[in-house]
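Peer 1: The structure under discussion is supplied below as structure tokens; questions concerning it will follow.
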Amino acid sequence: MTRLRPEGSRLPDTADPAPPTTPGTPQELQISTVGHVRLLVLNRPGRLHALSRPLWDALIDAYLEAGADAEVRAIVITATGDKAFCSGFDLKDVQERDNAGKPFRGPMDQDKRLLFEVVHETWKPTIAAVNGAAIGAGFELALACDLRIASAHARFALPEARIGMGGIYGSVVLPRTIPVGIALEMMYTGDYMSMDEARRWGLVNNVVDSKDLFDTAMGMAERIAANAPITVRRMKEMALKGLSLPVATALRLNVGPDPYTAQDRKEGIAAFLEKRKPVWKGR
Numbered sequence: 001m002t003r004l005r006p007e008g009s010r011l012p013d014t015a016d017p018a019p020p021t022t023p024g025t026p027q028e029l030q031i032s033t034v035g036h037v038r039l040l041v042l043n044r045p046g047r048l049h050a051l052s053r054p055l056w057d058a059l060i061d062a063y064l065e066a067g068a069d070a071e072v073r074a075i076v077i078t079a080t081g082d083k084a085f086c087s088g089f090d091l092k093d094v095q096e097r098d099n100a101g102k103p104f105r106g107p108m109d110q111d112k113r114l115l116f117e118v119v120h121e122t123w124k125p126t127i128a129a130v131n132g133a134a135i136g137a138g139f140e141l142a143l144a145c146d147l148r149i150a151s152a153h154a155r156f157a158l159p160e161a162r163i164g165m166g167g168i169y170g171s172v173v174l175p176r177t178i179p180v181g182i183a184l185e186m187m188y189t190g191d192y193m194s195m196d197e198a199r200r201w202g203l204v205n206n207v208v209d210s211k212d213l214f215d216t217a218m219g220m221a222e223r224i225a226a227n228a229p230i231t232v233r234r235m236k237e238m239a240l241k242g243l244s245l246p247v248a249t250a251l252r253l254n255v256g257p258d259p260y261t262a263q264d265r266k267e268g269i270a271a272f273l274e275k276r277k278p279v280w281k282g283r
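Just so we're aligned, residue 1 is where the sequence shown starts under the numbering used here, counting upward by one.
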């Protein structure tokens with residue numbers, strides 16, 4: 001099936017309208033819904049999709065809204081064009097605030113939650129379709145997602161040490177995602193990581209040609225969305241919250257709705273035995 005890809009400021013024609021973005025930034029973040037998949041498209045090509053304050057806030061709102069929408073079963077984030085996924089914080093904005101004498105507050109000292117923490121804690125499956133360079137906070141945004149599918153020409157970097165920034169989320173999560181030594185080398189040097197390396201270390205799920213990226217990401221999201229939403233939620237919460245626990249303790253976690261007592265369990269078994277597609281109710 002041919003899909004309409006995000007190009008420029010255009011959304012897929014097949015998409016249903018979703019809640020509006022933050023007032024004043026309707027073009028910086030495009031939001032649409034395709035079936036049960038919420039699609040978020042960064043659209044600041046002139047700044048390589050750098051995270052301005054309005055875009056940062058719009059993304060937080062978009063993930064919270066998607067998490068609260070019962071019809072949404074998976075979330076995909078990407079960007080227009082093929083040069084960059086996200087170049088990180090908008091450093092020109094940061095410099096302007098510095099020059100104006102405004103105090104700089106670190107990511108954990110803001111009046112809103114950390115964006116990456118919001119993405120990380122979204123209980124619905126999240127996929128980053130990395131269409132180009134993901135640098136600094138842009139890399140952290142991709143890292144916060146559950147799954148990453150990347151174009152072959154994409155690159156990752158956490159160059160905070162080169163510009164005196166902090167990289168707090170990457171510093172905590174990257175060493176939990178890939179071997180510690182590789183993560184530390186990446187953070188200490190600020191060097192770029194190719195997609196061949198990223199795939200070798202399990203940092204991406206798949207590397208594809210640019211022309212196939214959107215279809216691949218949406219195809220994966222749709223396969224996930226076709227499954228029982230309660231079970232998928234339970235699996236995500238059990239897996240992520242149990243990572244740091246002993247196996248015996250993790251097995252006894254009681255997080256999220258219980259699929260064993262849900263109506264969807266009966267529907268799933270009936271559909272399997274009747275050789276038909278299940279009709280999930282999410283309860």
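Backbone N, C-alpha and C fix where the C-beta goes; we use that ideal spot for every residue, glycine too.
Keep in mind the model is a prediction, meaning the values are calculated, not measured.
Could you name the residues of the same chain whose beta carbon sits closer than 7 Å to that of Leu-253, not counting the 5 residues immediately before and after it, in chain order?
Peer 2: Here residue 253 refers to the residue found at position 253 of the sequence shown. Cβ within range, chain order: Met-238, Lys-241 and Gly-242.
Peer 1: Less than 8 Å between the beta carbons of Thr-126 and Ile-75, yes or no?
Peer 2: Looking up residue 126 in the sequence shown gives position 126. Looking up residue 75 in the sequence shown gives position 75. Yes, the pair counts as a contact, with Cβ atoms nearer than the cut-off.
Peer 1: If you follow the alpha helix (DSSP H) that Ser-32 is in, where does it begin and where does it stop?
Peer 2: Reading the sequence shown from its first residue, position 32 is the one you call residue 32. Element bounds for Ser-32: not the alpha helix (DSSP H) but the beta strand (DSSP E), 29-34.
Peer 1: Apart from the five residues just before and just after Arg-233, which ones in its own chain have a Cβ nearer than 6 Å to its Cβ?
Peer 2: Residue numbering aside, residue 233 sits at position 233 when the sequence shown is read from its first letter. Correct list, in chain order: Trp-123 and Gly-256.
Peer 1: Decide if Val-207 is buried, meaning its Cβ has at least 16 other Cβ atoms within 10 Å, or exposed.
Peer 2: Translated into the one-based positions of the sequence shown, residue 207 becomes position 207. Val-207 comes out buried.
Peer 1: Determine which residues share a DSSP beta bridge with Ile-77 and list them.
Peer 2: As a first step, residue 77 must be located in the sequence shown, where it is residue number 77. Answer by DSSP bridge pairing, in chain order: Leu-40 and Ala-128.
Peer 1: Since Ser-32 contacts Leu-42 with CB under 8 Å, what's their CB separation in whole angstroms?
Peer 2: Residue 32 sits at position 32 when you count from the first residue of the sequence shown. Residue 42 sits at position 42 when you count from the first residue of the sequence shown. No, Ser-32 and Leu-42 are not in contact; Cβ-Cβ is about 13 Å, not under 8 Å.
Peer 1: With 16 other CB atoms within 10 Å as the buried threshold, where does Cys-145 fall?
Peer 2: What you label residue 145 is simply residue 145 of the sequence shown in a count that begins at 1. Cys-145 is buried by the Cβ-count criterion.
Peer 1: So, using beta-carbon positions, are Val-130 and Tyr-63 closer together than 8 Å?
Peer 2: Numbered from 1 along the sequence shown, position 130 holds the residue referred to as residue 130. Numbered from 1 along the sequence shown, position 63 holds the residue referred to as residue 63. Their beta carbons are not under 8 Å apart, which means Val-130 does not touch Tyr-63 by this criterion.
Peer 1: Three-state secondary structure (DSSP) at Gly-24?
Peer 2: Residue mapping note: residue 24 aligns to position 24 of the sequence shown, counting from 1. With a pLDDT of only 41 at Gly-24, under the threshold of 50, the placement of this residue in the model should not be trusted; the figure read from the coordinates follows. If DSSP states are grouped into helix, strand and coil, Gly-24 belongs with coil.
Peer 1: Are at least three pairs of beta-carbons, each pair with one atom in the stretch 196-216 and one in the stretch 161-170, less than 8 Å apart?
Peer 2: Cβ pair count under 8 Å is below three, so no.
Peer 1: Taking buried to mean at least 16 other C-beta atoms within 10 Å of its own C-beta, is Asp-209 buried or exposed?
Peer 2: Start at 1 with the first residue of the sequence shown, and residue 209 comes out as number 209. Its Cβ having fewer than 16 others within 10 Å, Asp-209 is exposed.
Peer 1: Short check: CB of Phe-139 to CB of Leu-158, under 8 Å?
Peer 2: In the sequence shown, residue 139 corresponds to position 139, counting from 1. In the sequence shown, residue 158 corresponds to position 158, counting from 1. In contact: Phe-139 and Leu-158 (Cβ atoms closer than 8 Å).
Peer 1: Give the DSSP bridge partners of Phe-156, in chain order.
Peer 2: Translated into the one-based positions of the sequence shown, residue 156 becomes position 156. For Phe-156, which the question treats as bridged, DSSP gives the partners Ala-134 and Met-193.
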